[in-house]
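In this note's numbering, the protein residues as written are 16 to 666.
Every residue, glycine too, gets a C-beta built ideally from N, C-alpha and C.
All remarks here apply to the structure that follows.
Okay, here's the thing in structure tokens:
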């Protein structure tokens, strides 16, 4: 690289020529010319680096660099070509300056190792090194391009490889009008320019990948992956902003919630994949009913919501009837005509709520009333405010109960049917409310599911279960506890991290805990469930499918899951003695589950006769009142000792 002083123009007052002979004058002119060429290369490098800093897109950078080379550097032509991996190994022009648009494309350059590819740019791409031809007029390599080049005043050409992530992606081609262009000093500067351009391309590509990754993360967090609609989180954000605008402009707004009736029946008949197709078609049909700033979102498995800014009760009712009318036409789901009915609830700002969560809850409550009373469409009724206020109060109390440890761990034992001995227990939770007394799970767990508290509740149960297992093992009792996971738990990105942290806290191992998931939880997102369960199984936890028979999974799907056992729902077990068909279902299910290598647990083992019948069906494990009712976890150890003594005496 020449020093800055070397790039200055030599004196022109004749002082250097005094006394010089003809040969010396020629050499002096050559030195002056070389300095001028190096100077323009340095100007080009400086301007090119400024372009690197300013440009934010790859195409913009390539075009700007070519213009700099021609406009600032004074070169005749500059163009960037990217190597294609097609059959011809062609070079595709990405940007160019100093030449008529389209002229380079017509020349059909190639980087193949063929006679046509023996050009500076072909050689630069193949070898990863710069190639220079100093005199187009005499160079045999450039004979095919000589006539046209000379007509355009081209004298010398150089090609520089563009290397990104250790791969030659293309070339930078520069054409000069001087035969003695691209000497060593000038070539060194231009090589640095090409390297800087390669670095700029690499940097912009990294930034583009980061932007794409960020978009994918945002999509996963705020967009329903099946329908492409905003999800519950994004709806809540839009609703909060819409409420702020409505409050400032003193306008109403409406939130319309749509529940698909009998969607589970549709899935049971057609399968979950067809159900997904139906939901996608519904999303498209609903989206066609509104225009911005209105918004359609999918906020549950079979629940859609529509935000209508500046809409009053009458306008919301018109939209609800339009939705009903749009659903009158059957859907074509993989060749099957499917008729869909829905229940719609309406909540209004400010009359029914002034916060996003309140409106979502009240719109959903109205949809529930519409379904329960078969109204089709229902507006939230203020006279039901007491019940809704109780739900809101209970939600706040539940959050406090988790934080203040008002919950109690219960467990229901499970017995091995071959030996009669206890082989585990299911962890259950009870809420000892300071004012309301004992609250059973049927009342507060659905509330936790609907309000997003289920993750906190589940982690409380896991922590309490591990603490209990630690206490048992200190006393010499090794009994695993099974904890229920919900569909929302599987969506928690911190699930695996929290499990690992809780195990480390108690010094526990995966043998301490088992996890149970209902069929409905698995089928909300079968692909995602498979991925999460595989990770849980890799940690060493045993996995159970709970309430089997009440959902819409298939044995073929179960075979794909990394599960250990299936729990037959108690509704089938309890019905065996009164209904021969129920007994046939239970026996067939046990046989099929065994055939795919899984263990069978029968819930609802309430009597000796049910136990005996299940034993005849070769059931592995029983759970129910005949074994034991749910009990406080601290009473389990003493109960287990009595049970062990009783079983030993019977044998």
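So, at 7 angstroms on beta carbons, what are the nonlocal neighbours of residue i in its own chain, with the 5 sequence-adjacent residues on each side left out?
i: residue 354; result: 345
i: residue 552; result: 558 and 577
i: residue 55; result: 88 and 89
i: residue 59; result: 83, 84, 87, 88 and 208
i: residue 608; result: 581 and 615
i: residue 128; result: 141
i: residue 107; result: 96, 97 and 99
State buried or exposed for residue i, treating a residue as buried only when at least 16 other CB atoms are found within 10 Å of its CB.
i: residue 526; result: exposed
i: residue 142; result: exposed
i: residue 443; result: buried
i: residue 495; result: buried
i: residue 378; result: buried
i: residue 213; result: buried
i: residue 367; result: buried
i: residue 348; result: buried
i: residue 321; result: buried
i: residue 434; result: exposed
i: residue 251; result: buried
i: residue 201; result: buried
i: residue 408; result: exposed
i: residue 165; result: exposed
i: residue 574; result: exposed
i: residue 30; result: Low confidence applies here, because residue 30 scores a pLDDT of 46, under 50, leaving its location unreliable; read the following figure in that light. It is exposed - the Cβ of residue 30 has fewer than 16 other Cβ atoms within 10 Å.
i: residue 260; result: exposed
Is the beta carbon of residue j closer than 9 angstroms to that of residue i?
i: residue 206; j: residue 175; result: yes
i: residue 423; j: residue 445; result: yes
i: residue 266; j: residue 324; result: yes
i: residue 191; j: residue 253; result: no
i: residue 126; j: residue 113; result: no
i: residue 135; j: residue 122; result: no
i: residue 380; j: residue 395; result: yes
i: residue 561; j: residue 504; result: no
i: residue 432; j: residue 659; result: no
i: residue 306; j: residue 319; result: no
i: residue 513; j: residue 469; result: no
i: residue 111; j: residue 105; result: no
i: residue 7; j: residue 545; result: Outside the modelled stretch of the chain, which goes from 16 to 666, sits residue 7, for which no answer is possible.
i: residue 362; j: residue 430; result: no
i: residue 524; j: residue 517; result: no
i: residue 198; j: residue 70; result: no
i: residue 189; j: residue 97; result: no
i: residue 258; j: residue 120; result: no
i: residue 632; j: residue 657; result: no
i: residue 301; j: residue 293; result: no
Leaving out five residues before and five after residue i in sequence, what residues of the same chain have Cβ atoms less than 8 angstroms from its Cβ?
i: residue 386; result: 274, 276 and 358
i: residue 238; result: 244, 245, 246 and 249
i: residue 150; result: 170, 171 and 194
i: residue 490; result: 652
i: residue 448; result: 412, 416, 421 and 454
In whole angstroms, give me the CA-to-CA distance for residue i and residue j.
i: residue 384; j: residue 360; result: 8 angstroms
i: residue 593; j: residue 604; result: 18 angstroms
i: residue 598; j: residue 582; result: 15 angstroms
i: residue 648; j: residue 482; result: 11 angstroms
i: residue 393; j: residue 352; result: 28 angstroms
i: residue 548; j: residue 554; result: 10 angstroms
i: residue 376; j: residue 64; result: 57 angstroms
i: residue 350; j: residue 391; result: 28 angstroms
i: residue 327; j: residue 271; result: 11 angstroms
i: residue 520; j: residue 510; result: 15 angstroms
i: residue 93; j: residue 168; result: 14 angstroms
i: residue 77; j: residue 542; result: 42 angstroms
i: residue 646; j: residue 640; result: 11 angstroms
i: residue 309; j: residue 255; result: 14 angstroms
i: residue 463; j: residue 210; result: 58 angstroms
i: residue 419; j: residue 405; result: 20 angstroms
Using a Cβ-Cβ cutoff of less than 6 angstroms, which residues in the same chain neighbour residue i once the five nearest sequence positions on both sides are dropped?
i: residue 643; result: 428
i: residue 441; result: 427 and 497
Segment contact flag, the segment 454–461 with the segment 615–624, C-beta cutoff 8 angstroms, min 3 pairs: no
Inter-stretch contact at 8 angstroms, needing at least 3 Cβ pairs: the segment 327–341 / the segment 278–288: Verdict: no, contact absent.
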